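Residue numbers for the sequence shown follow this note's numbering, so the first one is 46 and each next one is one higher. All remarks here apply to the structure that follows.
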Amino acid sequence: MNKRNWRKFVTIIVATFLISAIACNPTNPRANEKIAAISAKTIPPTLFGMHIEHSYKIPWPTIPIATWRLWDVHTEQYKLTFWPHLEPQQDNWDFAGLDKVVELAQKHQVELVYTFGLTPDWAAARPEDPSHYGEPPSPSEPKNIADWRDFVRTVATRYKGKIRYYELWNEPNLNYFYTGTIDQMVTLAQEAYTILKDIDPEIQVVSPSVIATHESWLTKPGNAWLDEYFRKGGDAYTDIVAAHFYMPAENTPEDRITPIREIQAVMAKHELADKPLWNTETGFGNRQQNHYYSDAESQAYVARSYLIYWSQGVERFYWYGWDNRNVLTMLMVEADDRTLTPAAKAYAEIQNWLVGAKMQPCSPDNNNTWTCQLTRNGENSWIVWNPKNELQLQIPQNWKITQVTDLNGQKSALSSSGSLQVGQLPLLLSRN
Numbered sequence: 046m047n048k049r050n051w052r053k054f055v056t057i058i059v060a061t062f063l064i065s066a067i068a069c070n071p072t073n074p075r076a077n078e079k080i081a082a083i084s085a086k087t088i089p090p091t092l093f094g095m096h097i098e099h100s101y102k103i104p105w106p107t108i109p110i111a112t113w114r115l116w117d118v119h120t121e122q123y124k125l126t127f128w129p130h131l132e133p134q135q136d137n138w139d140f141a142g143l144d145k146v147v148e149l150a151q152k153h154q155v156e157l158v159y160t161f162g163l164t165p166d167w168a169a170a171r172p173e174d175p176s177h178y179g180e181p182p183s184p185s186e187p188k189n190i191a192d193w194r195d196f197v198r199t200v201a202t203r204y205k206g207k208i209r210y211y212e213l214w215n216e217p218n219l220n221y222f223y224t225g226t227i228d229q230m231v232t233l234a235q236e237a238y239t240i241l242k243d244i245d246p247e248i249q250v251v252s253p254s255v256i257a258t259h260e261s262w263l264t265k266p267g268n269a270w271l272d273e274y275f276r277k278g279g280d281a282y283t284d285i286v287a288a289h290f291y292m293p294a295e296n297t298p299e300d301r302i303t304p305i306r307e308i309q310a311v312m313a314k315h316e317l318a319d320k321p322l323w324n325t326e327t328g329f330g331n332r333q334q335n336h337y338y339s340d341a342e343s344q345a346y347v348a349r350s351y352l353i354y355w356s357q358g359v360e361r362f363y364w365y366g367w368d369n370r371n372v373l374t375m376l377m378v379e380a381d382d383r384t385l386t387p388a389a390k391a392y393a394e395i396q397n398w399l400v401g402a403k404m405q406p407c408s409p410d411n412n413n414t415w416t417c418q419l420t421r422n423g424e425n426s427w428i429v430w431n432p433k434n435e436l437q438l439q440i441p442q443n444w445k446i447t448q449v450t451d452l453n454g455q456k457s458a459l460s461s462s463g464s465l466q467v468g469q470l471p472l473l474l475s476r477n
């Protein structure tokens with residue numbers, strides 16, 4: 046082995062070791078760089094994203110939503126905002142539905158993320174490939190790159206100044222959404238990035254949003270897919286890194302920390318650690334498996350998800366979803382499309398606790414009781430919960446707590462003993 050190859054070999058070994066260390070060791074300084082950086086930031090409303098499926102026929106949400114990801118968005122009964130519905134035949138465009146979605150977002154001052162993904166049959170390299178939505182549309186790459194260029198340019202030009210964020214593909218490591226190669230995805234990214242920046246330099250390009258788990262039904266684990274994508278050049282076309290932190294039903298929000306660290310390790314390896322990391326889609330429950338959650342579990346999982354994601358360096362989380370009744374079960378609105386679920390009430394209340402505050406990293410004690418410290422206008426408050434047990438927690442006297450707020454917004458005085466019962470539902474501890 047010559048000197049040059051020896052150096053290359055050593056570099057690969059060191060990089061591999063560091064990735065493993067960062068992903069597996071939560072105390073590793075490099076793993077905590079993003080966490081430390083985010084602790085200095087004021088939590089913005091845009092942490093709280095949403096998916097709204099049937100905006101064309103249901104009332105607008107009555108709780109705050111800062112940003113809306115355009116995926117699984119119906120513009121009428123059988124039309125969505127995908128490329129196959131915007132250009133069902135070559136050069137035959139139908140923007141009527143997406144125009145209304147954009148107008149609705151502007152009316153409610155909601156920021157949009159447009160997500161690319163799926164290909165119309167006429168443009169698909171393999172129109173016979175079945176997608177999550179059946180056939181058509183196709184999850185294959187376009188057979189002619191000129192068609193892709195034309196689509197990206199047409200959409201970005203039409204919505205210049207109205208849509209500022211474009212996500213390059215939805216869940217490319219799942220065959221139902223993408224059947225092309227990673228090399229082909231890098232080519233699609235390069236073309237899209239160049240066109241988008243040419244139309245509007247202010248546009249931010251979000252990486253393809255991998256499913257960040259190791260399930261056998263994925264073409265690759267999320268971190269491995271993203272690692273290869275960046276290694277083959279995708280890092281050059283990335284302003285923001287996206288992942289979907291879905292996990293098996295038995296996992297809790299706290300279990301998301303491991304896959305978050307794995308994605309952050311890949312980002313660090315490719316010198317993207319300073320880029321924002323977004324979770325552009327995750328929800329809970331499974332209708333096919335008849336997996337539902339109690340009202341208390343729903344509230345707990347919503348609140349703890351946002352606490353964990355921000356604490357771990359994830360700057361946005363787009364909840365899936367407001368009203369999608371086809372797949373998941375923890376929704377924000379009841380069947381009448383008007384009444385808020387307990388999950389929605391927790392979504393609203395946790396915003397009251399977090400937006401405008403700074404938060405130190407959340408951490409558990411020896412009893413698995415988690416604590417997050419907030420600072421707002423020079424005043425400290427704390428959020429506490431225990432995901433596994435109900436127990437009495439003695440509040441430190443130097444916190445000077447007088448008030449306890451639950452996820453329904455109900456306030457009560459701290460008992461004279463200075464202790465309270467803590468369980469799966471986070472509580473906000475503050476001074477009057």
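Each residue gets a CB set at the ideal place from its N, CA and C atoms; glycine is no exception. These numbers come from a predicted model, not from an experiment.
Check your understanding: Which residues in the same chain as Phe222 place their Cβ atom closer than 8 Å to its Cβ, once the five residues preceding and following it in sequence are excluded?
Key -> The answer, listed in chain order, is Gly162, Leu163, Ser176, His177, Pro184, Trp214, Asn215, Glu216.
Practice item. Report buried or exposed for Lys433, applying the criterion of at least 16 other Cβ atoms within 10 angstroms of its Cβ. Key: Counting of Cβ neighbours within 10 angstroms places Lys433 among the exposed residues, the total staying below 16.
Exercise for review: Ignore the nearest five residues each way along the sequence and tell me which others in Thr160's own chain have a CB closer than 7 Å to its CB.
Suggested key: So the list reads Arg114, Leu115, Trp116, Glu212, Asn215, once near-sequence residues are dropped.
**Study point:** Reduced DSSP secondary structure (H/G/I, E/B, other) of His119
**Key:** In this structure, DSSP gives His119 an extended state, which the three-state scheme calls strand.
Practice item. Taking only the alpha-carbon atoms, compute the straight-line gap between Pro471 and Ile88 and give it to the nearest angstrom. Key: Roughly 18 Å separates the two Cα atoms.
Exercise for review: My understanding is that Ile446 touches Arg476, with C-beta atoms under 8 Å, so please give their C-beta distance in whole angstroms.
Suggested key: The distance from the Cβ of Ile446 to that of Arg476 is about 7 Å, consistent with a contact at the 8 Å cut-off.
Check your understanding: Hey, how far is the Cα of Gly454 from the Cα of Ile395?
Key -> Roughly 9 Å between the two C-alpha positions.
**Study point:** Identity of the residue in Val200, Gln439, Gln469, Thr450 nearest Ser462 by Cα
**Key:** Ranked by Cα distance from Ser462, the options Val200, Gln439, Gln469, Thr450 are led by Gln439.
**Study point:** Which of helix, strand or coil DSSP assigns to Lys79
**Key:** Looking at Lys79 - three-state DSSP - the assignment turns out to be helix.
Point to revise | For Pro246 and Lys207, the rounded distance between their alpha carbons | key: When the Cα atoms are used, Lys207 and Pro246 turn out to be separated by approximately 14 Å.
Review point. Looking only at C-alpha atoms, which of Ala269, Lys320, Phe140, Pro253 sits nearest to Ala288?
Key: Measuring from the Cα of Ala288, the nearest candidate turns out to be Pro253.
Check your understanding: Is Tyr351 buried or exposed, if buried means 16 or more other CB atoms sit within 10 Å of its CB?
Key -> Tyr351 comes out buried.
Practice item. Count the other CB atoms, across all protein chains shown, that sit within 10 Å of the CB of Thr226; report buried if there are 16 or more and exposed otherwise. Key: Burial check for Thr226: the Cβ neighbour count within 10 Å stays below 16, so the residue is exposed.
Practice item. Could you spell out where the beta strand (DSSP E) holding Ile428 opens and where it closes? Key: Unbroken beta strand (DSSP E) run through Ile428: 424-430.
Review point. Taking the Cβ atom as the reference point for each residue, do Ile108 and Ala393 lie within a distance shorter than 9 Å?
Key: Yes, these two residues count as a Cβ contact at 9 Å.
Point to revise | Under 9 Å between C-beta atoms of Gln448 and Ser457 | key: Going by C-beta atoms, Gln448 is nearer than 9 Å to Ser457.
Practice item. Report yes if the CB atom of Phe93 is closer than 9 Å to the CB atom of Ile80, and no otherwise. Key: Contact: no.
Check your understanding: Do Val255 and Ile305 have their CB atoms nearer than 9 Å?
Key -> No.
Check your understanding: If Trp364 and Val378 are in contact, beta carbons under 8 Å, what's the gap, nearest whole angstrom?
Key -> About 12 Å; that fails the 8 Å criterion.
**Study point:** Residue interval of the alpha helix (DSSP H) (run including Met95)
**Key:** Counting along the chain, Met95 falls outside any alpha helix (DSSP H), though it belongs to the beta strand (DSSP E) covering 93-95.
Point to revise | Alpha carbon of Ala66 to alpha carbon of Asn268, nearest angstrom | key: Confidence in Ala66 is poor, its pLDDT being 44 and thus under 50, which makes the residue's placement too unreliable to answer from.
Check your understanding: Taking the beta strand (DSSP E) that Glu148 falls in, what are its first and last residues?
Key -> Premise fails: Glu148 lies in the alpha helix (DSSP H), 141-152, not in any beta strand (DSSP E).
Review point. For Glu295, is the classification buried or exposed, using 16 other Cβ atoms within 10 angstroms of its Cβ as the cut-off for buried?
Key: With fewer than 16 other beta carbons inside 10 angstroms of its own, Glu295 counts as exposed.
Check your understanding: Within this structure, are the beta carbons of Pro182 and Asp166 separated by less than 9 Å?
Key -> Going by C-beta atoms, Pro182 is nearer than 9 Å to Asp166.
Review point. Bridge partners of Pro187, per DSSP?
Key: In DSSP, Pro187 forms a bridge with Ala169.
Practice item. For Gly179, write down the residues that DSSP places opposite it in a beta bridge. Key: The partner list for Gly179 (beta bridge, DSSP) reads Ser176.
Exercise for review: Could you tell me which uninterrupted beta strand (DSSP E) segments, each at least 3 residues in length, are contained entirely in the segment 258-329, listed from first to last along the chain?
Suggested key: Restricted to the segment 258-329, the beta strand (DSSP E) segments that are unbroken, complete and at least 3 residues in length are 286-289, 322-327, listed in chain order.
Practice item. Would you list the residues sitting across from Glu156 in a DSSP beta bridge? Key: Glu156 is bridged by DSSP to Thr112.
Review point. Just the Cα atoms here: how many angstroms apart are Ile57 and Gln235?
Key: Because Ile57 carries a pLDDT of 34, less than 50, the predicted location of this residue cannot be relied on, and the following value inherits that uncertainty. In this structure, the CA atom of Ile57 is about 26 Å from the CA atom of Gln235.
Exercise for review: Using alpha carbons as the reference points, say which of Thr420, Trp270, Glu342 lies closest to Asn431.
Suggested key: Answer by Cα proximity: Glu342.
Practice item. Report yes if the CB atom of Ile285 is closer than 9 Å to the CB atom of Thr232, and no otherwise. Key: The answer is no: Cβ separation not under 9 Å.
Check your understanding: In this structure, what does DSSP give as the bridge partners for Lys456?
Key -> Beta-bridge partners of Lys456 (DSSP): Thr450.
Check your understanding: Taking the C-alpha atoms as reference points, what is the distance between Gly358 and Asp272?
Key -> One C-alpha to the other measures close to 19 Å.
Check your understanding: Any idea what DSSP makes of Ser343, helix, strand or coil?
Key -> DSSP places Ser343 in helix when its eight states are reduced to three.
Review point. Is the segment 313-324 close to the segment 274-285, with three or more CB pairs under 8 Å?
Key: Counting C-beta pairs with one atom in each stretch, the segment 313-324 and the segment 274-285 have three or more that are closer than 8 Å, which means they touch.
**Study point:** Residue from Asn218, Leu376, Thr303 with nearest C-alpha to Ser339
**Key:** Nearest C-alpha to Ser339: Leu376.
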